[in-house]
Amino acid sequence: MGLQARPRPRVHRRPLGFALLPSVAGYGRSGPRQGRARDQRERPARRAVGSAAIGAAAYTRAVCGICGLVVLDGDGTPDRGQLSAMNDALVHRGPDSEGYLLDGPVGLAARRLSIIDIEGGDQPLSNEDETVHVVQNGEIYNYRELRGQLLEAGHRFSTRSDTEVLAHLYEQRGLDCLRELRGMFAIALWDARRGRLVLARDPFGIKPLYYAEVNGTLSFASELKALLRQPGFSREIDLTALQAFLAFNSIPGPYTAFTAARKLPPGHALIWEGGSPRLERFARPAPVPADAQRSGSGRELAAELLETLRDSVRAHLIADVPVGVLLSGGVDSSALAALAAMESGEPVRTFSIGFREESFNELSRARLVASRYGTDHHELVLEPDAAELLPELVGAFDEPFADSSAIPTFLVSRLAASQVKVALSGEGGDELFGGYYTYVADRLAPYAGPAATLARPLVERLPSSSGKVSFEYKAKRFVRAAGLPPLARHHGWKEIFSAEARAELVNPARRAEFDPVAFYEQRYGETEGADPLARLQDVDLGIYLVDDLLVKTDRASMANSLEARVPFLDNVVAEMALSLAPRHRVLGFSKKRLLRRAVAPLLPREIVHGKKQGFSIPLASWLRGELQPFARDVLSTETIERQGYLDAAAVQRLIDAHVQGRDDLSRQLWGLLSFTIWFDRYAREPAAA
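2 is the number of the first residue of the sequence shown in the numbering used here; add one for each residue after it.
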């Protein structure tokens, strides 16, 4: 069907129309106020417009989550009650079904969203003689190809599930099987014959996996909240993680908020065969050396990239249930919507978020794509009271997390979950293809650094703006960091609290050493020989993408029982992106050059050449206006002093400076709000969180 022949889109629009959370009064200065249980709260009726109503179905679907226990000395069997309690903590990721395996020293559990082989894919799944057992969170997109190879080798299957393929593939090829997987996954595999447990996480860290050792037992789970159910788990806050959070507004792996737990790094396997577990890396996506970058004209490479993206989207549409697209109006999500519409035999469902503040609103762009491809389009308009979603987000994220775009991500996921079980999302496009303003700044800094240093006193006097990534905001960031060495300035573009600010903010007894630049250097040092821009993109790919954007997308979608798939992080797309010369990514002020050229035939000119906006909320203006009472209540002197980690006077100075317009400190304040609410929910409450 040609573009002009496609049907007009069905557009469903609505404002929030209902209270997402209790009012500010629901949070007291001594912590959360007592009352009826959260899931028994009375809620106003939800407004339905067209077929976009958010009804009960959006809250009863399940998504995959896994957990397990291992008695490390091999003498004994895990407690079924503990395993069940951990699995119950993942109920929002299920249950279309739940399953358990207890075999010797190992216990596995899973909750499942039925997406492929709806009737027959309940986990754990095993090989023919039940010596290899697997639970998985995620999707293997090349499972049909692998299944065909295994059938030819004589394996027999009892289901059509991608998870069963993992059991047979491991039986056939051992640990090398991990290198053959195309998809997003967190896997737990028990090889009973060898007495070997394998935990594995996909190379980009799309799916999470946490682990801890408590009283001689190794526990692991898709979310940290499940580990909190294990008796004896220490809630001691990791002070290094706290410093990292204040620097980044998220906690980078392998750290977690608690000293007792760690994140399994992307592309790694944790292997236990008796004794102590060991970590092994099986995959590491990385930019090619500068002298091995792809040759060929821009036209040839653009055509190849478009076909590669088309293949990835085709693979990510595989499901036995409808698949939608989270459509922001930017290049990445618009390209996914276009390709999905071209591959689908029926109108694709698209979902978008908008704001009343014009500089933040991309709904008009999203509608252009929806109109061109005749999608079944759904929209939601956010108001400032949506920011009161923060306590609910804290419950979904388990640890301090302060990317404010989690709010629209959470709400667009809730909107999508009312219609579909799976949605495509555009994460990874900026890191792989060079989509951030910071990459332009990185390229300009060696030439403009001295002038920027001279101009800093004047630029610092510019009045603070509440606009979206305003000129004032970017100018101040640039002059503050342009004269620094490459890694230091790359961090400086997006730094939340500087080392000096952290020293002033954190109480002396709670301080720890953490150097963000040294943390970057660990990753940066692995790509010696690649071009400088590619190395900085790789730092973002392995830190910012993994521990901010993918955490946000996974938790926000899974909390609403929606599986988010990310076609840009497909193996074949990433392999091509990581081989490109710098001119195909960033040149002058032009970003994502090859990607824009590749998708230009599919998209309206306004999107291909439009200014990047991102997915942020009008936080600066909200915190100076409607949300100011909320912020002052949560960050009251009494609360900060009771918790004992931050300096109350320093916190109040930050609030005043922002409200009075002396500086835009919205990201800093959002981080403090996140930490303060998280502390009262997780750092001092019992394990039934």
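Ideal Cβ positions, reconstructed from N, Cα and C, are used throughout, including at glycine.
Here SER419 is not bridged, per DSSP, to any residue. As the crow flies, the alpha-carbon of GLY69 is around 20 Å from that of GLY268. Going by beta carbons, LEU563 and ALA417 fall inside the 8 Å limit.
Residue pairing by DSSP places VAL135 opposite LEU126, LEU190 in a beta bridge. Within the same chain, and ignoring the five residues on either side of SER675 in sequence, the residues whose Cβ sits closer than 7 Å to its Cβ are LEU391, VAL395, PRO401, PHE402, ALA403. Taking all protein chains shown into account, VAL92 has fewer than 16 neighbouring C-beta atoms within 10 Å of its C-beta and is therefore exposed. Distance from PHE590 to VAL480 at the Cβ level is roughly 17 Å; contact not present, criterion being Cβ atoms closer than 8 Å. The alpha carbon of ALA601 has as its nearest neighbour, out of ALA367, ASP333, GLN644, the alpha carbon of ASP333. As a beta-bridge residue in DSSP terms, PHE259 pairs with ILE238. About 7 Å separates the CB atoms of ALA336 and LEU604; that is less than 8 Å, so the two are in contact. Counted as a single uninterrupted DSSP element, the beta strand (DSSP E) harbouring GLU214 occupies residues 211–215.
Cβ-Cβ distances below 7 Å link PRO278 to LEU219, LEU271, ILE272 in the same chain, with the five nearest sequence neighbours on each side left out; the list follows chain order. DSSP, read as helix, strand or coil, puts PHE676 in helix.
In this structure, DSSP gives GLY430 a helical state, which the three-state scheme calls helix.
GLU627 and LEU445 have their C-alpha atoms roughly 38 Å apart. Annotation for TYR521: the continuous alpha helix (DSSP H) segment containing it runs 517–525. With contacts defined as CB atoms closer than 8 Å, ARG195 and GLU274 qualify as a contacting pair.
Taking a 10 Å sphere around the C-beta of GLY430, we find 16 or more other C-beta atoms and assign the residue as buried. Taking the C-beta atoms as reference points, PRO348 is found nearer than 8 Å to ASP377.
In the three-state scheme derived from DSSP, where H, G and I count as helix and E and B as strand, GLU305 is classed as helix.
Remark: fewer than three beta-carbon pairs, one from each stretch, lie closer than 8 Å, so the segment 654–662 and the segment 677–684 are not flagged as touching. Per the C-alpha coordinates, the member of ASP443, ARG490, SER329 positioned closest to LEU412 is SER329. The way I'd put it, the segment 134–152 does touch the segment 180–189; three or more beta-carbon pairs between them come closer than 8 Å. Of all C-beta pairs linking the segment 507–526 to the segment 561–575, fewer than three are shorter than 8 Å, placing the two stretches out of contact. Sorting ASP192, PRO209, THR241 by C-alpha distance to the C-alpha of LYS226 places PRO209 at the top. At a cut-off of 4 residues, not a single continuous stretch assigned as alpha helix (DSSP H) sits fully inside the segment 260–286. The distance from the Cβ of ALA168 to that of VAL135 is about 5 Å, consistent with a contact at the 8 Å cut-off. According to the DSSP assignment, ALA513 belongs to no alpha helix (DSSP H), since it is labelled neither H nor E.
With contacts defined as CB atoms closer than 8 Å, LEU151 and TYR171 fail to qualify as a contacting pair. For LYS422, the number of other beta carbons within 10 angstroms of its own is at least 16, and it is reported as buried. By the neighbour-count definition (other C-beta atoms within 10 Å, threshold 16), HIS491 is a buried residue. Between PHE434 and LYS593, the beta carbon gap of about 5 Å places them in contact (Cβ cut-off 8 Å). The beta carbon of VAL507 sits closer than 8 Å to the beta carbons of LEU243, GLN244, LEU247, TYR646, LEU647, ASP648 from its chain, once the five residues preceding and following it are set aside; these are given in chain order.
Going by beta carbons, ARG180 and SER580 fall outside the 8 Å limit.
By the CB criterion at 8 Å, ALA284 and PRO204 fall inside the cutoff.
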